[in-house]
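Engineer: Okay, handing you the structure first.
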Amino acid sequence: MGSRVRALSVTHVRPAETSNSPPQGAAHTTIKLSLFDTMFIALTPIQRLFFYEGDDLPPFPDLVRALRSSLAATLAVFTPFTGEVAVPSSGDGVGVAIDCSPGAVSRGGVRFVEAEYAGSAEDVRRLARAAEHDAGAYAQLAPALAVGGALPAPALAVQVTRPARGAGGGGGGVGAVVVGVSRNHVVADGQALWEFIRAWAAAARGGSMAGTGLAAPTFDRAAINRHPKAEEVARKFLRIFAPAFPTEITRRIKLLQTS
Numbered sequence: 001m002g003s004r005v006r007a008l009s010v011t012h013v014r015p016a017e018t019s020n021s022p023p024q025g026a027a028h029t030t031i032k033l034s035l036f037d038t039m040f041i042a043l044t045p046i047q048r049l050f051f052y053e054g055d056d057l058p059p060f061p062d063l064v065r066a067l068r069s070s071l072a073a074t075l076a077v078f079t080p081f082t083g084e085v086a087v088p089s090s091g092d093g094v095g096v097a098i099d100c101s102p103g104a105v106s107r108g109g110v111r112f113v114e115a116e117y118a119g120s121a122e123d124v125r126r127l128a129r130a131a132e133h134d135a136g137a138y139a140q141l142a143p144a145l146a147v148g149g150a151l152p153a154p155a156l157a158v159q160v161t162r163p164a165r166g167a168g169g170g171g172g173g174v175g176a177v178v179v180g181v182s183r184n185h186v187v188a189d190g191q192a193l194w195e196f197i198r199a200w201a202a203a204a205r206g207g208s209m210a211g212t213g214l215a216a217p218t219f220d221r222a223a224i225n226r227h228p229k230a231e232e233v234a235r236k237f238l239r240i241f242a243p244a245f246p247t248e249i250t251r252r253i254k255l256l257q258t259s
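The opening residue of the sequence shown carries number 1 in full-length UniProt numbering; numbering runs sequentially from there.
Structure, rendered in C-alpha cells:
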C-alpha cells in the first residue's frame, strides 16, 4: 500500500513561559527511570488518534496556530513530555532518565507535523466511522517516534492531518481533521497521557487545567527508586527487555566522559 499521507511541514513546539512554568534551576529536571519503566523502554510508542469533523471547523492554518499555542501552554505543565529519554550528562551510573532540563528542551521540543491525507473530508470521516479500522491508514496518521534504538530518544510527537480536499473550499473550514499523538512508553503511564490530552483540549478551547478539575501532574519516581535493589533490578530488566540498551548506555557514558 502506498503512502496516503504526506508531510507538509515539520516544526517543534516548546513549553510556553507561563505562571505554571517551573523556575529556572528547579529540581527534577532529570527524572531517573524506575525499575518498572525499564520493562517498557523498548516497546513501540503509545499512539492515539482523534478525529474531528464538522462544517464549523476553522481553516487549517487557524486550527494549526490554535493547536500549537495551546500545546505550548500545556507543555509548560507537562514538561517531561518535551524532554528526551537519555543517559544523564553526569554519567553517574543512573542508566536512563527523562532529561527535561532547559538545555534538552531547547535542543528538541515536541515534533509537530502538519500533514495532508490523499482524499476528501468525507474519506476522512469514513476512516473514523468504519467498523473495520484501516490499520495502514491509521499508522500513517500517527506521527513517527523513534524508540528502542539510539539515545537520546524523544518523549512525544504530534501530527495534525487535513484532507487534501476539504469542505467548502475558498478558505473555508477543512471539514475534517485528525490529531495524532505518539508518546514514549517510559515517560508516563496511560492515565497521565489522557490527563495531558484533556489539559491540551481545555487550553485549545481557551480554558485552563483548573476548569477540568485536573491537578498538576507528578512525574517523580523517587519513592520507587529508594528501594535498596532498585538499581540492580533496573539493570536486570534492561538486559531482559532491551538487551541492546546496556551497550548503548555504556557507549553514551563514555562519550560524555570524553567530551
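Note that the Cβ used here is the ideal one computed from N, Cα and C, for glycine as well.
Measuring alpha carbon to alpha carbon, tell me which residue in T82, A164, A142, L35 is nearest G103.
Structural biologist: Answer by Cα proximity: T82.
Engineer: Would the stretch 36-50 and the stretch 176-188 be scored as touching if the rule is three or more Cβ pairs under 8 Å?
Structural biologist: yes
Engineer: Taking DSSP as the reference, what is the three-state secondary structure of L238?
Structural biologist: Reduced to three states, the DSSP call for L238 is helix.
Engineer: So, for V186: in the same chain, excluding its five sequence neighbours on each side, which residues have a beta-carbon less than 7 Å away from its beta-carbon?
Structural biologist: L33, D37, F40, I41, V85
Engineer: Counting C-beta neighbours from all protein chains within 10 Å, is the total for S70 16 or more, i.e. buried, or is it exposed?
Structural biologist: buried
Engineer: Assign A137 to one of two classes, buried (16 or more other C-beta atoms within 10 Å of its C-beta) or exposed (fewer than that).
Structural biologist: buried
Engineer: From the DSSP secondary-structure annotation, give me the bridge partner or partners of D99.
Structural biologist: Within the DSSP secondary-structure output, D99 pairs in a beta bridge with T30, E84.
Engineer: Report buried or exposed for E114, applying the criterion of at least 16 other Cβ atoms within 10 angstroms of its Cβ.
Structural biologist: buried
Engineer: Just mark I240 as buried or exposed, buried being the case when its beta carbon has 16 or more other beta carbons within 10 Å.
Structural biologist: exposed
Engineer: Go ahead and pull the three-state DSSP assignment for V178.
Structural biologist: strand
Engineer: State the DSSP-derived secondary structure class of T44, mapped to helix, strand or coil.
Structural biologist: coil
Engineer: Which class does L57 belong to by DSSP, given the choice of helix, strand or coil?
Structural biologist: Note: L57 maps to coil in three-state DSSP.
Engineer: When the Cα atoms are used, what is the spatial distance from D56 to V174?
Structural biologist: 9 Å
Engineer: In the DSSP output, which residue or residues are listed as bridge partners for Y138?
Structural biologist: Answer is none; Y138 lacks a bridge partner.
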